[in-house]
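K.L.:
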Amino acid sequence: MDALPLIALVAVSAAVAGAARRTPVPAPLVLVAVGLVAGFSPGVPTYRLDAHVVLPLLLPPLLHTAALDSSYLDLRANIRPVALLSVGYTLFATVAVGWLAYRIIPDLPLTAALVLGAVVAPPDAVTAAAIARRVGLPARVTTILQGESLVNDATAITAFRVALAAAVGEGMSWGAGIGEFLLAAIGGVGVGLLLMVPLHWLRTHLKEALLQNTLSLLIPFVAYAAAERVHASGVLAVVVVALYLGHRSWQVDFATRLQEAAVWKMVAFILESSVFALIGLQLPFVLKELGPFGVQEAIGYAVVVFVAVVVVRFVWVYPATYLPRWLSRRVREREPGTDWTAPLIVGWAGMRGVVSLAVAFSIPLVTHDGEPFPARSLVLFLTFTTVIGTLVIQGLTLPVLVRVLKLPRPDPQTVTLIEAQAQSEASEAAEARLRELLDDPHNSLPPPLADRLRSVLERRRNAVWERLGAADPVTGESADDTYRRLSREMIEAEREVFVRLRDERRIDDEMMRTLLRRLDLEEAAAYRETDDS
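As numbered in numbering that gives the first Met the number 0, residues 0 to 532 make up the sequence shown, in order.
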């Protein structure tokens with residue numbers, strides 16, 4: 000097998016994503032556009048989405064990293080809106096879009112139309128996370144969108160399997176379909192619950208960060224494969240395990256956390272970039288397989304389905320936002336109130352992604368009777384146009400909509416004050432513990448070293464408070480910024496000396512790497528970089 004096309008895809012996607020970060024356009028949209036152009040360019044290798052690759056190999060790590068970055072407590076606090084969107088809306092969209100397609104497309108069986116509805120129903124986890132990070136949505140809206148996108152793939156894939164079984168002639172009844180749905184949901188959660196504790200125990204008992212992070216990379220595939228093995232939802236199993244591990248990540252040693260964060264950030268960047276490029280690269284296959292349907296006719300259907308997908312989401316979101324509050328005093332008391340802007344953002348942030356395309360490409364060519372699957376080529380085309388339409392139209396306009404609505408964002412001063420208060424409480428506890436330890440004769444230290452421990456603690460306590468202070472009138476820096484800059488300059492001077500000594504053969508490379516690693520750890524402690532990705 001020639002590996003060069005795969006290497007080229009990853010390399011070019013990463014380069015385009017990196018360049019896109021310097022533009023006001025979200026990177027996913029730039030990648031899709033480049034993929035669309037590249038798909039018709041001569042000499043570009045053939046890249047075809049395969050559900051047998053995307054679902055078990057690409058989806059688990061993408062879901063895992065999204066769930067690790069999510070807050071279990073925030074999701075639990077917003078479980079009602081998340082469930083209404085991830086389960087209720089997905090099933091509603093499946094039926095509503097499927098029924099509309101059945102009504103407007105001649106000779107399209109209802110079962111095949113429901114297959115289309117299930118395919119285009121779920122907004123994409125990767126897209127939601129990428130867009131939310133870029134536009135800076137309010138925290139609760141981001142939590143709801145991320146929670147929805149983590150779970151709705153399980154709902155949509157199960158609905159797709161039920162509708163597909165009916166479409167190909169397996170004779171599945173409504174009762175059997177509901178039973179399969181419950182088995183997938185309950186089984187997926189059950190597998191996740193069974194795996195999460197032993198996997199976390201194993202992570203905390205492995206002594207080497209390298210082994211711990213190797214396990215970390217395997218966990219999403221293990222959870223997905225174990226659930227699918229018993230015909231449960233691999234998506235839910237991955238999400239349950241990742242939420243648990245993320246919630247208890249503080250119990251893993253610092254070296255593992257530092258390494259794991261870097262590894263998963265790189266993995267997510269590579270996979271997300273490649274996935275969005277792959278979406279654009281599918282257009283030649285979709286057009287080639289359009290078959291007996293004319294392009295003009297298919298475009299007409301595509302516009303109707305796209306509008307239906309957008310409208311149906313609003314038809315669900317606004318009643319699901321307000322009706323529970325009107326009907327239940329408990330909901331009103333437990334959940335913060337909201338105006339019309341939050342449902343508008345949630346309704347408009349329904350971008351579809353690679354899962355929809357991968358599932359659509361998994362539709363078989365023929366039914367159990369040997370007949371061609373009805374309008375398979377048109378279903379592929381409508382899925383592709385819906386994905387591209389939501390990515391381009393909604394993805395491009397969502398940042399503008401957020402700016403126009405002037406949604407409230409956290410006040411930086413307030414956030415810093417809360418951080419400073421938390422750090423102050425933690426420092427007081429550390430100081431008390433240090434006094435206890437130094438009072439023990441077994442922990443005697445020379446005064447300079449004891450003073451160093453106290454000064455480090457004092458520095459950590461004051462650093463956050465200093466960010467609230469006035470900036471230097473000359474440099475514009477706070478005291479904390481100046482401290483970190485000078486620390487880096489000093490460390491850089493040491494680093495240059497170590498490299499010079501290596502070049503002069505006064506120390507060997509192994510010793511240089513050891514010394515540089517110590518400096519790296521000191522720099523990481525002294526200088527906290529702002530993550531603006």
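Beta carbons are placed, not taken as given, at the ideal position from N, Cα and C, and that holds for glycine. Please read all numbers here as calculations on a predicted model, not as lab measurements.
1. Where does V24 sit, in a helix, a strand or coil, going by DSSP?
2. Going by the beta-carbon positions, is the gap between F594 and W315 smaller than 7 Å?
3. With which residues is V365 paired in a DSSP beta bridge?
4. Could you tell me which whole alpha helix (DSSP H) segments of length 4 or greater appear in the stretch 378 to 424?
5. Hey, out of L518, M350 and L3, whose CA is closest to T396's CA?
6. Between Y300 and I103, how many whole angstroms is the CB-CB distance? I'm expecting something under 8 Å.
7. Pick helix, strand or coil for Y46, following the three-state DSSP scheme.
8. Can you name the start and end residues of the alpha helix (DSSP H) that W339 belongs to?
9. Please name the residue in E503, R484 and D507 whose C-alpha comes closest to that of A523.
10. Three or more C-beta pairs under 8 Å: does that hold for the stretch 224 to 237 against the stretch 182 to 190?
11. With a Cβ-Cβ cutoff of 7 Å, do A155 and A120 count as a contact?
12. Assuming G349 is part of the alpha helix (DSSP H), what are its boundary residues?
13. Can you tell me whether V33 is buried or exposed? The criterion is at least 16 other CB atoms within 10 Å of its CB, across all chains shown.
14. Quick one: what does DSSP say H230 is sitting in, helix, strand or coil?
15. Would you call the CB atoms of N212 and I143 closer than 7 Å?
16. Specify whether the stretch 319 to 337 and the stretch 7 to 17 touch according to this definition: at least 3 beta carbon pairs, one from each stretch, less than 8 Å apart.
17. Is it true that the CB of F305 sits closer than 7 Å to the CB of T382?
18. Label V36 either buried or exposed according to how many other C-beta atoms from any shown protein chain fall within 10 Å of its C-beta, with 16 as the threshold for buried.
19. Nearest to V196 by CA position, among V239, A164 and R228, is which residue?
20. Within 10 Å of its beta-carbon, does P145 have 16 or more other beta-carbons around it, so buried, or fewer, so exposed?
21. Are there 16 or more other CB atoms within 10 angstroms of the CB of L123, so buried, or fewer, so exposed?
22. So, are the CB atoms of I278 and V353 less than 7 Å apart?
23. Use the C-beta contact count for N151: other C-beta atoms within 10 angstroms, 16 or more gives buried, fewer gives exposed.
24. Select from V161, V81 and R139 the residue whose C-alpha is nearest the C-alpha of A117.
25. Taking the C-alpha atoms as reference points, what is the distance between T529 and L456?
26. Going by other Cβ atoms of all chains shown within 10 Å of its Cβ, with 16 needed for buried, is F39 buried or exposed?
27. Quick check on DSSP: helix, strand or coil for Q586?
28. Anyone know if the C-beta pair for W263 and T141 falls short of 7 Å?
29. I'd like the span of the alpha helix (DSSP H) that includes H63, first residue to last.
30. Excluding the 5 residues preceding and the 5 following V237 in the sequence, name in chain order all residues of the same chain whose CB lies nearer than 6 Å to its CB.
31. Please confirm whether R331 and V251 have their CB atoms less than 7 Å apart.
32. What residue range does the alpha helix (DSSP H) around D73 cover?
33. Could you round the C-beta distance between L518 and R494 to whole angstroms and report it? I think they count as a contact, below 8 Å.
34. What number of angstroms, rounded off, separates the C-alpha of Q258 from the C-alpha of M265?
35. Is D531 helix, strand or coil by DSSP?
36. If contacts are defined as beta-carbon pairs under 8 Å, then T337 and T320 qualify, I think. What distance do you get, rounded to the angstrom?
P.N.:
In brief:
1. Of the three classes helix, strand and coil, the one that applies to V24 here is coil, per DSSP.
2. The chain is shown only over 0 to 532; residue 594 falls outside these bounds and no answer can be derived.
3. Partner(s): P371.
4. Whole alpha helix (DSSP H) segments, 4+ residues: 394 to 404.
5. Answer by Cα proximity: M350.
6. 7 Å between Cβ atoms; contact.
7. Under the three-state reduction of DSSP, Y46 is assigned to coil, being neither helix nor strand.
8. Neither: W339 is in no alpha helix (DSSP H) and is coded neither H nor E.
9. Of all alpha-carbon atoms in E503, R484 and D507, the one lying nearest the alpha-carbon of A523 is that of R484.
10. Taking 8 Å as the limit for Cβ pairs, the verdict is that the stretch 182 to 190 does touch the stretch 224 to 237.
11. Going by C-beta atoms, A155 is nearer than 7 Å to A120.
12. Taken as a continuous stretch (DSSP letters only), G349 belongs to no alpha helix (DSSP H), as it is neither H nor E.
13. It counts as buried.
14. H230: coil per DSSP, three-state reduction.
15. Contact flag unset, no.
16. No, they do not touch.
17. Cβ atoms of T382 and F305: not closer than 7 Å.
18. Here V36 is exposed, its C-beta having fewer than 16 other C-beta atoms within 10 Å.
19. When each option's Cα is compared against that of V196, the closest is V239.
20. Position check: residue 145 holds Gln in this sequence, whereas Pro was assumed. Result: buried.
21. It is worth fixing the name first, because residue 123 is Asp in this sequence and not Leu. Answer is buried; the Cβ neighbour count reaches 16.
22. Yes, they are a contact pair.
23. It is buried - the Cβ of N151 has at least 16 other Cβ atoms within 10 Å.
24. For A117, the closest of V161, V81 and R139 by C-alpha to C-alpha distance is V161.
25. Residue placement at T529 cannot be trusted, given a pLDDT of 38 that sits under 50; the coordinates are not used to answer.
26. With fewer than 16 other Cβ atoms within 10 Å, it is exposed.
27. Because residue 586 is not part of the residues shown, which for the chain are 0 to 532, the question remains open.
28. For W263 and T141, no; Cβs fall outside 7 Å.
29. Start and end: L58 to L67.
30. Within the same chain, Cβ atoms closer than 6 Å to the Cβ of V237 are found at P59, L62, H63, P219, A222 and Y223, the five residues on either side in sequence being excluded.
31. Not a contact, by the Cβ cut-off of 7 Å.
32. Per DSSP, D73 belongs to the alpha helix (DSSP H) from Y71 to A76.
33. Yes, L518 and R494 are in contact; Cβ-Cβ is about 6 Å, under 8 Å.
34. Going by the C-alpha atoms only, they are around 11 Å apart.
35. For D531, the predicted structure reports a pLDDT of 38, less than 50, and the residue's modelled location is therefore unreliable. A value from the coordinates is still provided. In this structure, D531 counts as coil in the three-state DSSP scheme.
36. About 7 Å; that satisfies the 8 Å criterion.
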